[in-house]
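Residue numbering for the sequence shown follows our numbering, beginning at 525 and increasing consecutively. Structure record follows, encoded as structure tokens.
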Amino acid sequence: MENIGVRAKELNETIVTLRRELHAHPELEHDLPFTESVVVRELAKLGLDELKPGLGQGHGVIATLRGKKPGKVLALRADMDALPIREETGLSFASTNGNMHACGHDAHIAMLLVAAKLLADAREELAGTVRFIFQPSEETVDGALSMIASGALENPAVDEIVGLHTGNLWEGLTPGQIGWKAGPMMASTSTLTIVFEGKGGHGATPHLTVDPIVIAAETISQLQTLVAREVSPFEPAVVTIGKISGGSAHNVIAGTCELRGMIRAFNQETDAFLKRRIRATAEGVAASMRGRATVMFSGDLAAVVNDKACALKMRDIAANALGEEWVKELALPSSGAEDFAYYLAKAPGAFFYHCSTFESSEGGAECNYPHHNSKFDVNESVLWTGAAAMAAYALHWQDRN
Ligand SMILES: [Zn+2]
Ligand SMILES: [Zn+2]
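See the structure below:
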């Protein structure tokens, strides 16, 4: 195909139409029957070599396109789930079912469907095989695993995987620009639960009790010193306590108190270090105050770390397809997490950013609501650059190998 960028731009209206249809019918987690039906309906038009719905926990979809030339296998991934948020955008195609595509996954689906169309049209010059993965349940970070368990990276075995996130996750890019980065791209995450046990009693006789709320308060303060005093200033990390529960009345000293929080880091060493030190801090503080702490970690998700060669290829290929002005290196990773990390544990690849903010002439900062906000929206006029970058990558990623 002569110029995939031009062709993708011509198809922007198709992307927008699909995105609006999906946006009006948001579905949650693994329960995506309507979304799946749209994906299958559109892929069925393309004459692909394989189309398998019903994957994951029931509504994941994979499809396979074999090029006319020999080559390796690339997977392109889109996530499909929405959020339990009541939409307040006032858009003509706003959701009315109490859920909302407030993270842009509707646009991800539409962009990948059109990338699939571009690639099906370019089959004569396509080398190797492209596997399209439409994944449920990214927001609860268990969709990627369900697709991998369904064989999304097998038959044929995937050599490399690429995905994107649209929206306003990174700053400093203009609408439609492709943001790339080698190495750490998004954070690892782990959920933290600490239960403090003391000895309950009357609020007027604290000396006869062991107060777990005071132990929790002391622990929260000490945990704040881990990132400030124990992690290198050149190593980003986050420890947040988001929830504290304990006690039943103003004059009762509680028997237990629970903290819930999370850790974010960009490599396994920092993640493991923080876990070790959080455990030691909570147990040590509790013991010093005559109580007991039980520390648990759950929901572990690794950092998204881009393969350097893949990230550089994306830079070059997107610049060739779209022009240098559409590509920019991201200065910093995001402290958000993404279950794309599970694919990267199986195959090298890169996750990139598609900026779909609004310019001030289109309404200013008040248009750019954060992800997961009830007024979040994406700039539809630039969705074509995301589709073009994915399709161009599939066409050219093996040129340099
Ligand atoms: Zn999200
Ligand atoms: Zn998202």
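Think of the CB as a built atom: it goes at the ideal place given N, C-alpha and C, for glycine as much as any other residue.
Next on the checklist: Rounding to the nearest angstrom, what Cα-Cα distance links G707 and E793 in this structure?
Outcome noted: 15 Å
Checklist entry - What beta strand (DSSP E) runs, 3 residues minimum, are completely inside the region 580-611? => result 584-590 and 593-603
Checklist entry - In three-state DSSP terms, what is L546? => result helix
Next on the checklist: Any heavy atom of ligand 1 closer than 7 Å to the beta-carbon of H895?
Outcome noted: yes
Item to check | Residue range of the alpha helix (DSSP H) that includes V563 | outcome: P557 to A568
Checklist entry - Looking only at DSSP bridge pairs, what is Q659 linked to? => result D603
Next on the checklist: Is G628 close to ligand 2? I mean its beta-carbon at under 7 Å from any heavy atom of the ligand.
Outcome noted: yes
Next on the checklist: If you measure between the beta carbons of V828 and F875, is that distance less than 8 Å?
Outcome noted: yes
Item to check | Counterpart residues of A789 in DSSP-defined beta bridges | outcome: S712 and A761
Checklist entry - Over what stretch of residues does the beta strand (DSSP E) that includes T690 continue unbroken? => result E684 to G691
Checklist entry - Around the Cβ of S812, are there at least 16 other Cβ atoms within 10 angstroms (buried) or fewer (exposed)? => result exposed
Checklist entry - Beta-carbon separation of V597 and V682 under 8 Å? => result yes
Checklist entry - If we call anything under 8 Å between Cβ atoms a contact, is D605 one with H629? => result yes
Item to check | Own chain partners of K592 with C-beta closer than 7 Å, once the 5 adjacent residues on each side are dropped | outcome: R647, E648 and L650
Checklist entry - How about E853: is its Cβ closer than 7 Å to a heavy atom in ligand 4? => result This structure lacks ligand 4; the ligands present are ligand 1 and ligand 2.
Item to check | Alpha carbon of L637 to alpha carbon of E807, nearest angstrom | outcome: 51 Å
Checklist entry - Can the beta-carbon of P699 be found less than 8 Å from the beta-carbon of F882? => result yes
Item to check | Close beta carbons around R803, own chain, < 7 Å, minus the five adjacent residues each side | outcome: V819
Next on the checklist: Need the endpoints of the alpha helix (DSSP H) that C879 sits in, please.
Outcome noted: First-last for C879: G873 to C879, but that is the beta strand (DSSP E), not the alpha helix (DSSP H).
Checklist entry - Between A911, N791, L642 and I702, which lies nearest to L572 when the distance is taken from Cα to Cα? => result L642
Next on the checklist: Using only CA atoms, which one of M635, E574, M624 and H583 lies nearest to L535?
Outcome noted: M635
Next on the checklist: In the DSSP assignment, the beta strand (DSSP E) including A817 goes from what residue to what residue?
Outcome noted: R816 to L825
Checklist entry - Does the beta carbon of A548 come closer than 8 Å to any beta carbon on chain C? => result As a matter of chain content, chain C is missing from the structure shown, which is built from one protein chain.
Checklist entry - Which residues in the same chain have their Cβ closer than 7 Å to the Cβ of G675, if we skip the five residues on either side of it in sequence? => result none
Next on the checklist: Does the distance between the C-beta of E742 and the nearest non-hydrogen atom of ligand 1 fall short of 7 Å?
Outcome noted: no
Checklist entry - Relative to the alpha-carbon of S619, which residue among D901, V762 and A916 has its alpha-carbon at the smallest distance? => result D901
Checklist entry - Using the beta-carbon count (16 or more within 10 Å), is G696 buried or exposed? => result exposed
Next on the checklist: Starting from N775, trace the beta strand (DSSP E) in both directions and tell me its first and last residue.
Outcome noted: Unbroken run through N775: none, as it is neither H nor E.
Checklist entry - Quick one: complete beta strand (DSSP E) runs, 3+ long, within the region 609-660? => result 651-659
Item to check | Bridge-paired residues (DSSP) for L575 | outcome: A587
Checklist entry - Are the region 715-735 and the region 775-795 in contact at 8 Å, needing three or more beta carbon pairs? => result yes
Next on the checklist: For V686 and D735, what's the separation of their Cα atoms in angstroms?
Outcome noted: 51 Å
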